[in-house]
Structure formats: C-alpha cells, structure tokens
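The structure appears below as structure tokens.
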Amino acid sequence: MAQDAGTGRRGPFIALGAVVVTAVIVGVVVAPVVLGRTGGGPSGQGAPEQGIAGYAGSPSSAWVADLPGTVLAPHAGCTGFERVWAADSVVVISTDDACLDPMLVGLAAADGEPRWTHPTDATCEAGLWGGRIACADAGGVFTLDAATGQREEVEDMGVLLGLTADVLVVRTGADSRVMGLAADGSEVFSHDDGDAPGHAVAVSGRHLLMSAWRECVDDFRSGIGFCVYDLALLDVTTGERIELGLSYTDRDRTPTLVAAAGDPPLVLTATDDAATIHDTAGTTLWSEEREVVFASGGVIGVRDGEAWISVDPLTGDERWRTSGPHDFVTTDAEHVVFITGAEIRALDRHTGEVTWSGPMPQADGVEVIRYESAGGRLWAWALVDGGGPRWVGYRP
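Here the sequence shown stands for residues 1 to 396, where the numbers follow UniProt numbering.
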C-alpha cells in the first residue's frame, strides 16, 4: 500500500490512494510493462548507461499494481512516463503530465506494490544522487529518497542545473553562484555564474553540456520567431567551463554529447535531416545529411531507408549496419536494442553483433509502444486491453 512519505522540515507529502481508472482508448488502456531476468527486480543505482540484462524464453506476468491518480487525457499517443529510476528495491516512475496526473510513483521492484507517491510537476534529473532523485520546482531545489519518497529541501539553492558523476550542479538563490555538490552535501566547486550559466541538456561522464539563452529573433518571412542558445562544456569535478563557440536554435534538435576515444567528449548538433560533429574547440569534424536516430555513449546511429547505420563519432565512417526492417527501441552502456518482427534483439553497440535476443513479451491485449532502459532492465509503456491503467511487470 502506498504510504505517506512524511512531513516536517522536508515539507508535506500527499499519498494518493491507488485508484483504478477505466480509460478506454479504442478498446485499450495504457500500462507500463517491465522486462528483465528471472529472479529479482532492478538493482544498482539506476544510472542511465547501465547495461540491460539479457533474457531467453517467453516472459510471464510478474506483478500488477493499480495506477494511482487520474488519467487526464488518455490517447494512443500518451507516452505514459517521462523517466524511470531504479534503486536496489524500488522503481520510481515520473508520469507524463500530458495525459496523467503529474507525480512520481515508487513501486516495489519485487512485486510492483506501490510504496509511495509524490504529486509534483517539478523537473527532475536523470540518474540518482546518492540514492535520491534531484528535482526543482517554483520553490527551489529538493530531493526525494528513492526508497521512501521522503522529501528534503536543498537549502539556499534556487535552480537545478544538472547532474552527472554523482555531482549535483545548482545555482544559489542568494548570491547567484554555481556550485557542484557531492552526494554527501560537500562542495566540489563553486564560482560566480557569469552572465548566463544555462542548464544541462546532455551528460557524458563527468561533463555537462550547458545551454544558455542568447536572444530571440523574429523571422519576418515565415512570421514565426525562434530563439538562439549558446553551448558550453562544464567539468563537474573541477568546475572548469569551456565556451564552445557553438549555438543552436529551438527549431533544431537538442544537442548532445558523444563519447569518443579522447577526452572531453564530442558535441553533436542536428536538425531533422542532418547532423554535425564538433570538437571542444568548435571545429566541425564531419557532417552527415541523414536523420540521426540515436546518439549515446560512443555510438551514433543514422537512418538509411529501412536500415540503421552506426557511424564512427570521430570520422563519420560507417561501422556497421542492420539488414532488413528494424524498429529502434533504446540504447544502454552495451547495446542498441531493436525489434525485428516478433523478436527483441540487442546488438553490441560497437560491432553490431547480436549479443542477446528473445521473443517479444506475449500477453493478451498487450501492445508495447515505448521502451526505456534503467537499472539494468528494459521498461516498456504498453496499451493493455480492458481494465484500468496498471503497472504490469514481466519477467522471462
């Protein structure tokens, strides 16, 4: 049963009852599905780059839990969740506020039993900070204990800027300084924020890619304006900030970082049909007039008709390609995951060789529409035939 996460200096908590809400969408409703190894739920600290466990055999239902809250606008395009964190015994999911009550829900990894809920429309960082989820709302920066949902304010911190390598980067509310905080609360670095410290749009190892607003421009030809943002690289272990001399607009795709043989990482900027790789001096290394579909770790994947091509981040040369139609699912530290017909297949992200594969989860009325990796497991948001919105867990 979901419990009240407590009150006190950390602020009040509201525990919503587990309410079954019937929301028919052309004969189906939405629910997340969990895939993983037999025996035990997600483990570890839920780092975004943790490897997904392989599996064999047909998955069977592991647990079902009623979804707390209210479905606001159910529709087939509802993505269901925005982010997943996996701790040792609890899985935390933030709901998609476009169609569900905005909240964070803690579920027991072993049986899916709701542990806690926290209604919030806050922005939260991927990954865990010493076992806690770091978020920010209009009141400032706060954290939630992943296991209990207990809230704690990060005092005097007004803006959350980013999180990587277990260092939380924040801006103070009093004197507008940028600080890096270790998980024990100790200061890693501190300096004046300058004119525009920006916020993190990508992470890679100890680096954050910071985006800072420059200006907004009216486009008199189209009648639609756009805004321009400048990019910088922040090393969270030292506080060193490198101005990249690169910019992008809100018409472009959000830039990201790509790990390469060297250090620091490379910067990928992209539009809907082209991509460019830059080094930290702002020099263009190569450009590709194809759609970039995934860029994670040291892998960049572009689409070529029905095939997917993995290209070398430093040169843009082809490393490997798929044959035949593949539906892209997700990436992690070790794999690029595809669906091919009735099979889900994990390819070595560097060689393209199949490292594990297995049948798609089979259950009456289940249609998976989105996947995400967290805590060494593959999470899926699915359409489930009949009943109310549910979290549904599957194990092979």
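Backbone N, C-alpha and C fix where the C-beta goes; we use that ideal spot for every residue, glycine too.
Being a predicted model, the structure only gives us computed values, none of them experimental.
Please list the terminal residues of the continuous beta strand (DSSP E) segment that includes W116. Run containing W116: P114 to P119, per the beta strand (DSSP E) assignment.
Using a Cβ distance threshold of 8 Å, determine whether the region 197-208 contacts the region 133-151, with at least three qualifying pairs required. no
What is the rounded straight-line gap between the Cα of E353 and the Cα of A165? 29 Å
Starting from H199, follow the beta strand (DSSP E) in both directions and report where the run begins and ends. Unbroken beta strand (DSSP E) run through H199: H199 to S204.
My guess is that A260 and G298 are in contact by the Cβ rule of under 8 Å, so how many angstroms apart are they, rounded? About 6 Å; that satisfies the 8 Å criterion.
Between the Cα of G305 and the Cα atoms of V91, V293 and G112, which residue gives the shortest distance? V293
Excluding the 5 residues preceding and the 5 following G239 in the sequence, name in chain order all residues of the same chain whose CB lies nearer than 8 Å to its CB. V178, G180, V188, F189, S190 and H191
W129, enclosing beta strand (DSSP E) - first and last residue: Segment: none, W129 is in no beta strand (DSSP E) and carries neither H nor E.
Using three-state DSSP, classify R349 as helix, strand or coil. coil
Report yes if the CB atom of S89 is closer than 8 Å to the CB atom of A182, and no otherwise. no
How about the region 318-326 and the region 277-293: do they share at least three Cβ pairs that are nearer than 8 Å? no
Would you say S204 and P265 are within 8 Å of each other, going by their C-beta atoms? At a Cβ-Cβ threshold of 8 Å, S204 and P265 count as neighbours.
Contacting residues, own chain, Cβ-Cβ under 6 Å from D230 (five flanking each side not counted): A212, R214 and S247
Let me confirm a value: D145 is counted as buried when at least 16 other C-beta atoms fall within 10 Å, else exposed. Which label applies? buried
Please report how far the alpha carbon of T330 lies from the alpha carbon of I344, in whole angstroms. 11 Å
Starting from the C-beta of T256, find all residues in its chain whose C-beta is less than 6 Å away, skip the five residues before and the five after it, and write them out in chain order. A202, L268 and A295
Compare the Cα-Cα distances from G127 to each of V84, D279, D252 and R253 and report the closest residue. V84
By the 10 Å Cβ neighbour count, where 16 or more other Cβ atoms means buried, how is I277 classified, buried or exposed? By the Cβ-count criterion, I277 is buried, with 16 or more other Cβ atoms from all chains shown falling within 10 Å of its own Cβ.
In chain order, which continuous runs of the beta strand (DSSP E) of length 3 or greater are located wholly inside the region 217-269? 226-235, 241-249 and 253-258
Going by DSSP in three states, residue 398 sits in which element: helix, strand or coil? Given a span of 1 to 396 for the chain in the structure shown, any question on residue 398 remains unanswerable.
Give, in chain order, every unbroken run of the beta strand (DSSP E) that is at least 3 residues long and sits entirely within the UniProt domain "Pyrrolo-quinoline quinone repeat" (280-359). 284-288, 292-296, 299-304, 307-311, 318-321, 327-331, 335-340, 343-348 and 354-359
Taking the alpha-carbon positions, what's the E157 to H326 distance? Reading off the sequence shown, one finds Met at residue 157, where the question assumed Glu. Each residue's alpha carbon lies about 45 Å from the other.
How would you write the range of the beta strand (DSSP E) that T276 sits in, first residue to last? A275 to H278
Inter-residue spacing [alpha-carbon to alpha-carbon] between G301 and R251: 21 Å
Contact check, M103 vs P114, beta carbons under 8 Å: In this structure, P114 does not lie closer than 8 Å to M103 by Cβ.
Quick check: what's the CA-CA separation for V169 versus G198? 11 Å
Which residue wins for smallest C-alpha separation from G324, given the options R241, T340, A110 and R151? T340
Once the 5 residues before and after E243 are set aside, which same chain residues still bring their CB inside 7 Å of it? A232
If you check the beta carbons only, do G130 and W116 fall under 8 Å apart? no
Outcome for A275 when other beta-carbon atoms lying within 10 angstroms are tallied against a minimum of 16: buried
Using CA atoms only, rank isn't needed, just tell me which of I224, A122, G112 and A110 is closest to A159. Before going on, a small fix: residue 159 reads as Val here, not Ala. Ranking I224, A122, G112 and A110 by Cα distance to V159 puts A122 first.
Alpha carbon of G245 to alpha carbon of T254, nearest angstrom: Straight-line Cα distance between these residues: approximately 16 Å.
Residue nearest to V236 in terms of C-alpha spacing, selected from C216, L163 and T172: L163
What's the call for I224, buried or exposed, on a 16-neighbour Cβ count within 10 Å? exposed
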